[in-house]
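In my numbering, the protein residues as written are 7 to 818. A virtual CB, placed ideally from N, CA and C, is assigned to each residue, including glycine. A quick write-up on the structure given underneath.
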Amino acid sequence: MPSDVRELRVFMASPGDLSDERDALRAVERRMNATFRERGVRVSIFGWEEVQPEAGRPQELINPLVYECEIFVGLLNMRWGSETGTHSSGFEEEFEIALARRSEGLNPAIGMFFREVAKERLDDLGPQLIAVLEFQERIRRDRLALYKFFKNADHLALEIYDFLTPYALQLVHEVGSKAPDGATMSGATPAAGEPIEMASSSEIAEPAGAEKSVNPTGRHEIDSAQRQILEAFKEFSGMFTGDGTPSEAARDRVALVGTAFTKDHGLLGTHHVNRLYKERAQLDLTMGEAREWYRTYFANVGTAKRSERTIPIWGLIDVSDIKDRFDSELGSLVQDDDDSIARGVLRFLTTNSIRPKALWDSDECEGSAGGSEVSRTDEETFEETVQRWSALFEHFPVVEVALNYLTELATVEDIPLLTAIAAEGTIDEDSRRAVTALARTMSGDFSSTDDLAPGKYQSDTAAVRGLLVDSMPALDSSQWDVLLSGTQKDVSIAAAVQLVQHDEVTDQQLKSAIELESPTVEAAVVERGARDLDWAVAKIAKLAEIDKYATAHLVCRLLAASSPPGLLDDLGAKETFTVSCWIARTIQDPSGYLEAAREVLDGEAEFLNDRVAPLLADYRSIAQHMTASAKAAACGVLADEVNAQRVGYHDLIRVADELRRDHYLSRRPASQALVKMTARLARPFPRLSDLSAFDTYQAILECETILASPFAEFVVPVWRKSSIPQLQTAAQTWELRQEETADAVLEEALYVDDGTVRMAAMDQLLARWSNEQLTDLLNRYDKQSRPYWYNIIAALDEHLYGYASSMIDAPE
């Protein structure tokens, strides 16, 4: 240790209801001395405990400590304190001394830290709390000192460490000491006997089991994170003394430190983060720096889907060794005032099934309470948990990401918590109903489950929607009617199926159900018609009234399901049902109508020609509609023929020709038929000519189906030359996903402009390569002297080091 030791004297002032917090500051003192003593700086944190009782006014024995301190740290919760004879409390007298000294241009620097007060306590203000709130307003209004709020003793320790570190660093600079040559820097694992909740500056960045290096005197060395910061500041001091210009790495590190220690926290820049991450092998972080990086990462998660995320983090942090601390940090970050951060944390918690104690465990904030005037009871802690949830619902009301997280992770044992959240006075009425509905549904009472219905455009509702769909059979017809409209499609479809199968569907309900354009709903309608002929007949007529063109195919399916062949023959004799009954017969017996289907596609079907000929002059559109409907059914007959020997290449040509005719009624059935037929026909067969009909925006609707089938080999060459960006991208991604695509081609695709193509190549490499190969890729990807993309770095970081992969091998 340098012989020239400077002492940083810190006085902590507080009433008697913050004993846990005062103990936390003692632990901060030990931690800072473990960090700075070898740099010639000793931190001393003291308060009224150091004063021995003597005769006279007690406060006069404490005041000299305030006059001697360089930093004044004030802590307030709900108590103001007792009168001293000259002031309303000892705290006030101490603060006024510190303020008077500072106004004279002397020490100390002043920092005020207020514990957050539960909202229900504000409904019953006593004189002590009123005095605290008035003082708080004075600090804010008159800008007397830096002030912050904290949630618990752990949170306060982090804030105090960040507050004191710049002053300690300044003394280090003045002392000018250097670490001994050859000293090894290490992580920030707590020394033996020190409480782990008082995290050192780089604990999250280092393995929790790492040993601190020790010099021959047995004292701990400054850890690597603080040394890196000091070196960065030295480079800046060289700029002011004319000894050089700071490097980009030093500028980035100082900017990171500044963000971590500033009063008004902001997010780190994407370029800034990725430049720092590039140096990850040599980079260790303090706790404050790690927290700001966390905030930036979760803001990215909260605003971007996986393929668009650009903030890497996991390569710096091994969460498997610090899981409890990391989960605690998540419990704090989820309460961030920035909605994007809170949303990102909730998404992360939901995806990884994490239940941080701050949101679920009643022991999260319980202190030892030894010697404190106010004990932390289970009841108080439970109330704080409820308050946190209430605050979340203020940010994300009703059916949103907060309720979705509750739905995904809550168990029957959590029903009392849900009930308490719903009863919280500050929660809005709609959110109250939703949380109540969740609690009741979990207990087997489905009377209000429909109150969980999300709006059409609300995000982060997958778990809620899943619960609604699973609960649908237990609901009643009035609830099905509510859920049919005004909610997201999967819920509406499930409600429509129940209505169709179990209730007398009204005309409006039937119309809403058909407008969903869901094969599942159509199948439910057909199944109902098959077991209830009278119902089918009534609905066939009603469907024709609703929209005889849009519902034509469903009418045919209903006819096929509910009408025996003889009845169809009788109905088919009527001009109105000629085509519909023919289609119904093809559904009942597709193999028996194989040759008739070919005649329809070739334009040689007499029944069809005779039916449309009289309409061509005056009702051409109706004639075209009938023809297209019949040809669409004919394509289906050829596609559904299970005997491949009965369907050949010429049938494929027939269907392709119908597709090129490009009628809106037959376009999709023809496209689907080509997909099915190419999967069944024996190879090889000649390539199909002129598939320009697939080079349309309508083809986007069938894109996934086509690319998942053998027909893709015919369409991809067309899409590769398309002027439609979505089809070009679809062709490129399909080619990258082929087994024969070389690894070198995939790696090259990581640099293209199209983000979807990049991620397709990335996903292929993630599936093909070992972690060792992927690590090599991460290390070289941004060092190729060419433009590169942050989403690739973030994806590799997540795959190699992310939370899920870290937990696989985490010790129990």
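Restricting to Cα atoms, I'd like to know which of Thr413, Gln790 and Asp324 is closest to Ala443. Thr413
Checking 8 Å against the spacing of the C-beta atoms, do Ala566 and Ile546 come in under that value? no
For Ile116 and Asp434, I'd like the C-alpha separation in whole angstroms. 39 Å
State yes or no: is the C-beta of Arg764 within less than 8 Å of the C-beta of Ala755? yes
Give the single residue among Asp249, Phe246 and Ile235 whose Cα lies nearest to the Cα of Ala261. Ile235
Count the other CB atoms within 10 Å of the CB of Ile136; is the residue buried (16 or more) or exposed (fewer)? exposed
Rounded to whole angstroms, how far is the Cβ of Val5 from the Cβ of Ala459, which I believe are closer than 8 Å? Lying outside 7 to 818, the shown extent of the chain, residue 5 is not represented and no answer is given.
Can a CB atom of chain B be found closer than 8 Å to the CB of Glu100? Protein chains in the displayed structure number just one, and chain B is not present.
Determine the direct distance from the alpha carbon of Lys462 to that of Gln825, and round the result to whole angstroms. Shown here, the chain extends from 7 to 818; a query on residue 825 therefore has no answer.
Any chance you could list the alpha helix (DSSP H) runs of at least 4 consecutive residues sitting entirely within the region 755–810, in chain order? 761–774, 777–787 and 796–807
How about Tyr173 and Leu14: do their beta carbons lie closer than 8 Å? yes
For Ile360, name the three-state secondary structure that DSSP assigns. coil
Please name the residue, chosen from Ser453, Ala645 and Gly337, that lies closest to Pro675 on a Cα-to-Cα basis. Ala645
Reducing DSSP to helix, strand and coil, say where Ala124 ends up. coil
Checking 8 Å against the spacing of the C-beta atoms, do Phe304 and Phe246 come in under that value? no
Rank Arg257, Ser776, Asp466 and Ser334 by C-alpha distance to the C-alpha of Pro362 and give the top, closest one. Ser334
Presumed contact (8 Å Cβ cut-off) between Leu752 and Thr781, rounded CB distance: 17 Å between Cβ atoms; not a contact.
So, Met84 versus Gln142, is the Cβ gap smaller than 8 Å? no
Does the structure place the region 104–124 close enough to the region 63–77 that three or more beta carbon pairs sit under 8 Å? yes
Rounded straight-line distance, which links the Cα of His271 to that of Leu282: 19 Å
What span of residues does the alpha helix (DSSP H) with Arg257 cover, start to end? Glu254 to Phe267
Within 8 Å, strictly: CB atoms of Lys820 and Ser586: Coverage of the chain is limited to positions 7 through 818, which leaves residue 820 absent and any answer about it impossible.
If contacts are defined as beta-carbon pairs under 8 Å, then Trp299 and Leu339 qualify, I think. What distance do you get, rounded to the angstrom? The Cβ separation is near 11 Å, so there is no contact.
Bridge partners for Arg48 per DSSP, in chain order? Glu13
I need the DSSP call for Lys682, collapsed to helix, strand or coil. helix
In the DSSP assignment, what residue or residues form a beta bridge with Phe239? The partner list for Phe239 (beta bridge, DSSP) is empty, contrary to what the question assumes.
If I'm right that Leu694 touches Ala662 with Cβ under 8 Å, what's the distance once you round it to whole angstroms? 5 Å
Using a Cβ-Cβ cut-off of 6 Å (strictly less than) and excluding sequence neighbours within five positions of Leu680, which residues of its own chain qualify? Val661 and Phe717
Through-space distance from Arg774 to Phe267, alpha-carbon basis: 43 Å
Using the C-alpha atoms, what's the distance from Ala750 back to Ile723? It should be noted that the sequence gives Pro, not Ile, for residue 723. Taking the straight line joining both Cα atoms gives about 22 Å.
Pop quiz: Trp320 and Gly808 are said to be a contact at Cβ under 8 Å. What is the actual Cβ separation, rounded to whole angstroms? 5 Å
Going straight from the alpha carbon of Pro70 to that of Arg37, what length do you get? 26 Å
Within the region 63–141, note down every full beta strand (DSSP E) run reaching 3 residues or more, in order along the chain. 77–82 and 115–121
Do you know how far the Cα of Leu336 is from the Cα of Ser219? In this prediction, Ser219 has a pLDDT of 39, which is less than 50 and means its spatial position is unreliable; what the coordinates show is noted afterwards. Each residue's alpha carbon lies about 30 Å from the other.
Rounded C-alpha distance that separates Asp829 from Leu289: Within the shown structure, residues of the chain are numbered from 7 to 818, placing residue 829 beyond reach of any answer.
By alpha-carbon positions, which one of Leu139, Asn615 and Leu600 ends up nearest to Thr584? Asn615
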